[in-house]
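Below you'll find the structure, written out as structure tokens, and then a few comments.
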Amino acid sequence: MDTNDQYGGHPRTPRRQPARLGSARLGGAPLGSAPLGSAPLGRPRLRRPRLRETRLVVAAGAAALALSAGLATPLGPAAQQAHAADGDGKVLTVAVAQSVDSLSPFLAVRLLSTSIHRLTYEYLTNYDPEDNSVVPGFATKWESSPDKLTWTYTIRSDSKWSDGEQATAEDAAWTFNTMMTDSGAATANGSFVSNFETVTAPSPTQLVVKLKKPQATMTALDVPIVPKHVWEKVDDFSKFNNDKDFPVVGNGPFVLTDYKPDSYVRLKANRDFWRGAPEFDELVFRYYKDQDAAVSALRKGEVSFVAGSPSLTPAQAAALKGEENIHVNDAPGRRFYALATNPGARAKNGETMGDGHPSLLDQRVRNALFKAVDRKTIIDKVFQGHAVEGAGYVPPRFSQYFWKPSPGQELTYDPEEAGRMLDRAGLRRNEDGRRVGEEGKPITYRVLCHATDPNDKAIGQYLQEWWGELGIGVTLNCLDNVTDPWLAGEYDPDRRAAIVRQMESRLYDLGYMNVMAYPNAVEAYRTDQIESITTMPAKAGNIYGQDGYWSWWSAVPAESGDTSGGSSSTGVVVGIVAGVVVLAGVGAFLAVRRRATADERE
């Protein structure tokens, strides 16, 4: 399956994707917007104390499954030293396991890229780090007409672009209108504006959006607002990556000042940011393809923070716990780790996508495959307790939408019954004990896995064992970037939650998605470099990949200790933040709508 761990967090324009096994993440206001007419807030409840979130893909036929797995060695130039532009500023260096796909807000979908855009551009609204409720961003307040078809936003007058120009409602109107009229500009976030009728800016502080029909995301429009006077000069939005001229003009808490592909991204604190300047002078994202190398860099003090791909492995977390000056953050995650199948995916024009094995069209076969998966073993052996057993799409962290099957509905681990289900579906064994399809050929499912996530390979090996006992072959195909092969209004919260749970139940019964686990967000940072930092949610949440810029904006430098970043071999991070497994036929891929993901996006 793929909701988006590799992508950010909220709905995006769908792309052609294969079925897969892996983790995906849910975004901040993942399933709807906040009540209408939110009152303006000043600085959110974010006092910075001075003391003080995989996916596997499977395809069938010589089918395919995708997992994140494997570690590689760092690539890149010799030692890179992170230092502030003035030579003696405080630098926060973050080790990440993903490369930038684009620095253009109109094209970027990966978690790292969209996280950078969170830091460099304001969105109309943001999410309170305490509880994910909607708070002001570029807009100070908003209200809708009685029919929910007209939304009026009051745009703040105290936000300036980093080049000194005033940021106004006209910038927001231009951003949305460009996405509405240019297919290239709609690449990443087009789904947000496809229902927009008109967008106008009657004044510098007023933005009016008229809809074709009511839309639930009007206070969750996760679209970076860009400066019109800079971007209106772009000729081709489908090709412009915004990665040649620095500093990049923005109005967020940080200004993007430097970038080297597959090496690093450097940002400088925006001293004129309306919410208050960050306390670190510079923020550097440094890439490591080898997660162990990133952990080693943390030990040496060469980086301040490491999140993993998307989390630290249990072994890495255990090794770091108790180490001097290192804090391990192990919190309930926002991701789900699932096994997805291609049940006959079709494009908008009705054409079938990929060449998935015909057996996957049978719900009995899909359910049998899932009954042969031992979730408890995955939790205990792969995640080593750093996860919760999976059920529906939405992790328990989002309690209002969390769903799990009833006792009679649950597809419990029962390999013997799984075998009988395959018998009833007509997938008989041949003389070699292999299950064969209607054409008489043995069935093999190809598992696409993320080479950057060790959990993918481990679970893939379990699938080889479990499905092998059913007579079905599994071939693992771990790639740095599994996207390459599979790219061929106001609402009643209680009622909406009930509908979401009903959808989860239906998807569970159909066997399209086997949510095996909800991995914890396991990450670590140096306490001699970072004195305090905001998690989301505040009481027990993640630091990396938040909805918003709270963690890096709120981070307080330690009074002692070197935060200059040190010198180290710069690693290259390629691939997706979370693994996904997809079940499809030789080269078969499932088209999955990206959530107002990274997955996976933010």
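Residue numbers (the numbering used here): 805 to 1406.
Ideal Cβ placement from N, Cα and C applies to all residues, glycine included.
Contact between Y1217 and K1175 holds: CB atoms are separated by about 7 Å, below the 8 Å threshold. Between E926 and the set A976, V900 and F910, the nearest pair of CA atoms involves A976. Straight-line spacing of the CA atoms in A1024 and G941 works out to 11 Å.
In the DSSP assignment, R1250 falls within the unbroken beta strand (DSSP E) covering T1248 to H1254. Using a C-beta cut-off of 8 Å, the region 1123–1136 makes contact with the region 1320–1335, since at least three inter-stretch Cβ pairs fall below that distance. Nearest neighbour of P1082 by Cα position, chosen from D1094, F1089, P1057 and A912, turns out to be P1057. The continuous alpha helix (DSSP H) containing P1118 extends over residues P1118 to L1124. Taken through DSSP and simplified to helix, strand or coil, R922 comes out as helix. The C-beta of D951 has fewer than 16 other C-beta atoms within 10 Å across all chains shown, which makes the residue exposed. Between Y1091 and S1067, the C-beta spacing is below 8 Å. Three or more beta-carbon pairs drawn from the region 1112–1120 and the region 1185–1203 are found closer than 8 Å, and the two stretches are therefore classed as touching. Counting C-beta atoms within 10 angstroms of its own C-beta, D1039 has fewer than 16 neighbours from the protein chains shown and is therefore classed as exposed.
The region 1298–1310 makes contact with the region 1190–1205; the number of CB pairs closer than 8 Å reaches 3 or more. A straight line joining the alpha-carbon of N1171 with that of Y1266 spans about 17 Å. With contact defined as three or more Cβ pairs closer than 8 Å, the region 1232–1241 and the region 1322–1341 are not in contact. In the structure shown, the three-state DSSP call for T954 is strand. Annotation for Y1266: no beta strand (DSSP E) segment contains it, though the alpha helix (DSSP H) segment containing it runs P1258 to E1273. The C-beta separation of L953 from P1018 comes to about 7 Å, placing the pair in contact by the 8 Å criterion. With respect to the 8 Å criterion, E1086 and G1272 are not classified as neighbours on the basis of their beta carbons.
The C-alpha of N1046 lies about 9 Å from the C-alpha of P909.
By the criterion of a C-beta distance shorter than 8 Å, N999 is surrounded in its chain by L1015, K1016, K1017 and Q1019, once the five residues flanking it on both sides are discounted. Two segments are said to touch when three or more pairs of C-beta atoms, one from each, lie closer than 8 Å; by this definition the region 1028–1035 does not touch the region 1003–1015. The secondary-structure analysis by DSSP pairs R1330 across a beta bridge with I1130.
Remark: fewer than three beta-carbon pairs, one from each stretch, lie closer than 8 Å, so the region 893–904 and the region 960–974 are not flagged as touching. Cβ-Cβ distances below 8 Å link P1200 to P1136, V1192, F1206 and Y1322 in the same chain, with the five nearest sequence neighbours on each side left out; the list follows chain order. Boundaries around G1277 are those of the beta strand (DSSP E), G1277 to L1283, since no alpha helix (DSSP H) includes it.
If only complete runs of 3 or more residues are kept, the region 1174–1241 shows the beta strand (DSSP E) at 1191–1193, in order along the chain. V1169 sits in a helix when the DSSP states are folded into three classes. Look at T982 here: in three-state DSSP terms it is helix.
When DSSP states are grouped into helix, strand and coil, R1103 belongs to the helix group. Assignment of W1078 by DSSP, reduced to helix, strand and coil, places it in the coil class.
At a Cβ-Cβ threshold of 8 Å, Y1329 and H1131 count as neighbours. The continuous alpha helix (DSSP H) containing K1032 extends over residues K1032 to W1035.
When the alpha-carbon of W1356 is set against those of A1344, E1363, K1343 and E1335, the nearest one is in E1335. Unbroken alpha helix (DSSP H) runs of no fewer than 4 residues, entirely contained in the region 993–1060, are found at 994–997 and 1032–1035, following chain order. When beta bridges are read from the DSSP output, E947 appears opposite T956.
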